[in-house]
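So in the numbering used here, the last one in the sequence shown is 1248, and the numbering has no gaps at all. The C-beta atom is built at its ideal place from N, Cα and C for all residues, glycine as well. Reviewing the structure listed below.
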Amino acid sequence: MQWFGRRESDNVDDERGGGGGRLAIGGGVLGLIAAAIYFFTGVDPSAVLNQVATNQPARQEQTTNNGPEDAGKHFVRVVLADTEDIWTKLFNDMGRTYEKPRLSLFRDYVQSACGNASSASGPFYCPGNSKVYIDLSFYDELKNRFGAPGDFAQAYVIAHEVGHHVQNLLGISQKMDQARSRLSESAYNKLSVKLELQADFYAGVWAHYEQSMKKVLDKGDIEEALNAANAIGDDRLQKQAQGHVEPDSFTHGTSAQRMYWFKKGYETGDINQGDTFGNGDLD
């Protein structure tokens, strides 16, 4: 992805700090299971985030800040700027106004409007304050633990979370919240899968216009995003974490489903073709 020297969004808050006393979550099996369960949380994750943050022991750890001008921050700002440009256009085409989200960079632990979160919960979007949260160390996990390297794999992560913001603006997130109280856990999980797959579709739509409008994709970029989508499917993550698969507990979709919906968004560029719910589940 060609991102050096391009416009950067002003809607990024750097909350990484430089002192100690932050909550830190260990790696290994714990980190993998946490990522498997909570990866790419979409709607009202407060209960999940509070549980992950409060159930783990805090340890004093001296952290260092790479400074406000580090490359990771520049990259995130460029990607977010591109999402702003593209979704502003698409919302204008629908006769709507796109309200830009903010993005928070944090290290180890953060307090959000949806509750407390640790880096083990993975990147997430909080509809309570229309904000995306990401610990950049997650990109090391994406590359080294999940086998999904590349800058466009990283861009896909941001585009997916912004996809949840789009759902929030379109009223889909609110319908999900209403459905939560009337459905069993397994039934709600099935809706959650559809919500996540739609966010993957929206990430694909963004990638479509990233190429047609911005012309900044390099050869292999889409393969990087598809590899990332494959790497974080529920079936693959559960197999890695616990040795077996439990379809009724899926919340984000299989690897094949995630790749399919991202690819469909990329190939069509048509937001109207992303109805992953299909059968009036949220009516």
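Residue i versus the options, residue with shortest Cα-Cα distance
| i | options | result |
| --- | --- | --- |
| W968 | R1067, G1115, V1170 and A1085 | G1115 |
| A1046 | Y1063, E1150 and D1058 | Y1063 |
| P1092 | L1134, N1109 and A1082 | L1134 |
| D978 | L1202, V1210, T1053 and R1072 | R1072 |
| V1044 | A1124, D1142, N1109 and L1101 | A1124 |
| E1253 | E1211, R1201, K1228 and Q1207 | In the structure as shown, the chain starts at 966 and stops at 1248, and residue 1253 therefore has no counterpart that could be examined. |
| E1232 | A1172, H1209 and R1201 | A1172 |
| G982 | M966, I1051, G1208 and S1069 | S1069 |
| E980 | K1054, V1075 and W1052 | V1075 |
| D1240 | M1178, Y1121 and I1137 | I1137 |
| S1177 | H1039, K1054 and G970 | K1054 |
Neighbourhood of residue i by C-beta, 7 Å cutoff - its chain only, sequence neighbours within 5 removed
| i | result |
| --- | --- |
| Y1090 | G1007, V1097, E1126, H1129 and H1130 |
| V1158 | F1215, T1216, H1217 and G1218 |
| K1276 | Because the chain spans 966 through 1248 in this model, residue 1276 falls outside it and cannot be assessed. |
| V1210 | D1200, Q1203 and K1204 |
| M966 | D1116, F1117, A1120, V1181, L1182, D1183 and D1186 |
Backbone secondary structure at residue i - three-state DSSP
| i | result |
| --- | --- |
| L1045 | helix |
| Q1163 | helix |
| N1081 | strand |
| V977 | strand |
| F1242 | coil |
| I1137 | helix |
| G1147 | Correcting the residue identity first, residue 1147 is Arg in this sequence and not Gly. Note: R1147 maps to coil in three-state DSSP. |
| K1228 | helix |
| K1184 | coil |
| Y1098 | strand |
| Q967 | coil |
| F1089 | strand |
| Y1074 | strand |
| R1223 | helix |
| R1201 | helix |
Contact check, residue i vs residue j, beta carbons under 8 Å
| i | j | result |
| --- | --- | --- |
| D1165 | W1226 | yes |
| N1195 | S1220 | yes |
| F1117 | A1036 | no |
| R1067 | N1192 | no |
| L1160 | Q1132 | yes |
| F1111 | I1197 | yes |
| V1181 | I1236 | no |
| R1042 | S974 | yes |
| R1201 | L1162 | no |
| E1175 | I1051 | yes |
Neighbourhood of residue i by C-beta distance below 8 Å, restricted to the same chain and skipping five residues each side
| i | result |
| --- | --- |
| A1012 | The pLDDT assigned to A1012 is 41, lower than 50, so where the model puts this residue is not dependable; a value taken from the coordinates is nonetheless given after this. Excluding sequence neighbours, A1012 sits near G1080. |
| F1056 | T1062, Y1063 and L1134 |
Cβ-based neighbour list, residue i, same chain, cut-off 6 Å, excluding 5 preceding and 5 following
| i | result |
| --- | --- |
| E1106 | none |
| I1099 | P1088 |
| R972 | A1046 |
| N1094 | A1078 |
| L1101 | G1037 |
Any C-beta of chain B under 8 Å from that of residue i
| i | result |
| --- | --- |
| P1114 | Judged by its chain identifiers, the structure shown contains no chain B, having just a single protein chain. |
With contact counted as at least three CB pairs below 8 Å, one residue from each stretch, are the segment 1047-1061 and the segment 1079-1089 in contact?
-> They do not touch, by the three-pair rule.
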